[in-house]
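Take 7 as the starting number for the sequence shown in the working numbering and just add one per residue. Quick notes on the structure that follows.
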Amino acid sequence: MKASDLFVKALEAEGVEYIFGIPGEENLDLLESLRTSTIKLILTRHEQGAGFMAATYGRLTGKVGVCLATLGPGATNLVTPAAYAQLGAMPMLMITGQKPIKTSKQGRFQVIDIVDMMRPITKFTAQVVSGDRIPSMVREAFRLAHEERPGAVHIELPEDIAVETTTQPLLSPSLTRRPIAEYKAIANAIDMIEQATSPLLLIGAGANRKLTAKMLREFVDKTSIPFVTTQMGKGVLNESDPRFAGNTALSDNDFVHRAIERADLIINVGHDVVEKPPFFMHHNGKKVIHINFESAAVDPVYFPQAEVIGDIANSVWQIKEGIEPQEAWKLDFYKDVHEAYVQHRAEAENDCRFPILPERFVRDIRKVMPDEGIVTLDNGVYKIWFARNYPAYHPNTLLLDNALASMGAGLPSAIAAKLVKPDVPVLSVCGDGGFMMNSQEIETAVRLKLDLVVIILRDDAYGMIKWKQAHMTFNEFGLDYRNPDFVKYAQSYGAKGWRVDSADILIPMVESCLNNPGVHVIDCPVDYSQNDKTLNQTIAELSAKL
């Protein structure tokens, strides 16, 4: 068998459905092998978009997303998606081409060491030097990409190796089960929770995988212990629950931080150091139980007194089975936090000014999206408002990135989400800056005949940095730009373009777009002028009164 055929059959054996990417000359044998494969090639307009799509596929399915690029500039364009998947714990395989490694008549044209380039930002990177190595290399790459903690892997397939003949058989995945926590660790955690005065559950990024959501629901239902979430822990539990005390979107001085301060024990489930710390530990301060797949990475602000290491869902189930709710627990304060948070949210959400306030925008999107509808975010200041103000009801229904926090991922993520869940409404929210970094993927969405809504929050500037600039009392400088006419821009790709001209029109416009086929791009002017005052002053003053 030709080595490229064996490579594709190895991918098929791993259950690969899609390969996102842009082939080059060095991938043509692999491309020919894909032509007759069960795997569907999703041709994109930029390798970065392909990588974001593959990573999002991995995030939503738990399976390894796959992307493809050629050598040199094609491969270097995958660096940002590699870091995105690696930091975000999204299983992803990158396949890149290379010039012949045995003989070459082109010197070093386009040749750089892609394997070494990928080494710091992947779990595994290797060059195929023989067709016989393909089965074991592909199997090892998938194993490592999928294994906790998931992440990015990379295989380089040179064009002269791709045409080799090989007789090696495929390797089947081994049957594996994740280790479970030791019973003494479970018993100690139960004792610490029962002895606490005001325990609080904190849900992080690592809990947004596997069966953890079901187990945590049962734990909260049995104990009534309130919960807070990190940005990437959103949706693991239903955030319309009155026991929800907030999201740690801001670094400090929000209502949620009053809840964290009051807790004498934090049950920290799925903590991931890639997210900014949701709280700081202090010597002789509150106690922390670390429940995760792996032990805690200790630093000056995180040194948990107890750890429960093993499959998270099983650990939570074991604790839930053994724990008894305590009458001595004092949990009423957390209800006060929840009510104050909801009350403050409601005031700005009803503001009718135009351009629209981000708080009103987030509320209106929550109103029109069904419970299991998926919202994908690019990266900008609106991400904080969504993390803080958008109640997520199910896991992975608000896809934001609080790890690499890369601009340009929102639209590609939405395309992948729609491919994975074609019957679920998908809406992407992008700032004008992030949208323009991969706006060419509108053509991909139109070509694939996807039903997709993309909303561009337009402030004609890099709004997140402007907010920080204002908070640091610097003069406005260097962050304003001009945008194209987004309605005409969308139409030039064959999409439908719309423009919001009042706050009240947003809901009916989005509802209409969600209910009609095709790709819809909505230009929505946004007013960020209150960000500094609201996020840095008003919220801090109100929360301090609790």
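Just so you know, even glycine gets a beta-carbon here, dropped at the ideal spot from N, CA and C. A quick note: this is a predicted structure, and the numbers were derived from the prediction, not measured.
Closest by C-alpha distance to M470, out of V387, N408 and G416, is V387.
Counting the other Cβ atoms within 10 Å of the Cβ of M413 gives 16 or more, which makes it buried. For F233, there is no enclosing alpha helix (DSSP H); the enclosing beta strand (DSSP E) covers residues F233 to T235.
Secondary structure in the stretch 108 to 180: the beta strand (DSSP E) runs of 3 residues or longer, each lying completely within the stretch, are 130 to 133 and 158 to 164 in chain order.
Within its own chain, the residues whose Cβ lies closer than 7 Å to the Cβ of V426, once the five positions on either side in sequence are excluded, are Y63, L66 and T67, listed in chain order. Excluding sequence positions up to five before and after A151, its CB lies within less than 8 Å of the CB of G64, V70, P97, M98, L99, K129, F130, G157, A158 and V159, all in the same chain and listed in chain order. Secondary structure within the stretch 438 to 483: the beta strand (DSSP E) runs of 3 or more consecutive residues, fully enclosed, are 458 to 464 (chain order).
Distance from the CA atom of L12 to the CA atom of L454, rounded to whole angstroms, is 28 Å.
If you compare the alpha carbons of A409, G439 and R505 with that of A95, the shortest gap goes to A409. A straight line joining the alpha-carbon of A312 with that of A193 spans about 11 Å.
Between the C-alpha atoms of N444 and D486 there is a straight-line separation of about 19 Å. For P523, the number of other beta carbons within 10 angstroms of its own is below 16, and it is reported as exposed.
The criterion of a C-beta distance shorter than 8 Å is not satisfied by M7 and T254.
With a cutoff of 8 Å on beta-carbon distance, A352 and L548 are scored as not near each other. Between the stretch 390 to 397 and the stretch 25 to 38 there are fewer than three inter-stretch CB-CB distances shorter than 8 Å, so the stretches are not counted as touching. The Cβ atoms of I362 and C530 lie closer than 8 Å to each other.
With contact defined as three or more Cβ pairs closer than 8 Å, the stretch 199 to 208 and the stretch 326 to 336 are in contact. By the Cβ neighbour-count rule, L405 is buried, with 16 or more other Cβ atoms within 10 Å of its own. Under the criterion of beta carbons closer than 8 Å, F225 and V322 qualify as touching, at roughly 5 Å. For the 8 Å CB-CB criterion, L433 and G379 form a contact.
In this model, V294 and P283 are separated by some 13 Å (Cα to Cα). Beta-bridge analysis with DSSP links L383 to V435.
Cβ-Cβ separation between Q536 and R51: approximately 36 Å, too far for a contact (criterion under 8 Å).
For T102, there is no enclosing alpha helix (DSSP H); the enclosing beta strand (DSSP E) covers residues M98 to Q104. For Y63, there is no enclosing beta strand (DSSP E); the enclosing alpha helix (DSSP H) covers residues E53 to T67. Listed as beta-bridge partners of C519 by DSSP are no residues whatsoever. Counting the other CB atoms within 10 Å of its CB gives F233 a total of 16 or more, which places it among the buried residues.
With fewer than 16 other Cβ atoms inside 10 Å of its own Cβ, Q349 counts as exposed.
Membership of Y399 in any alpha helix (DSSP H) is not indicated, and neither H nor E is assigned to it by DSSP. Distance from the CA atom of I421 to the CA atom of L552, rounded to whole angstroms, is 43 Å. In the three-state DSSP reduction, K15 falls in the helix class (H, G or I). In the three-state reduction of the DSSP assignment, A213 falls in the helix class.
Of T479, T82, I545 and P248, the smallest CA-CA separation from R125 is found for T82. Short of 6 Å from the beta carbon of K46, and not among the five residues preceding or following it, lie these beta carbons of its own chain, in chain order: Y24.
Here A132 really is in contact with V121; their C-beta atoms are around 6 Å apart, less than 8 Å. Per DSSP, reduced to three states, the secondary structure at K494 is helical.
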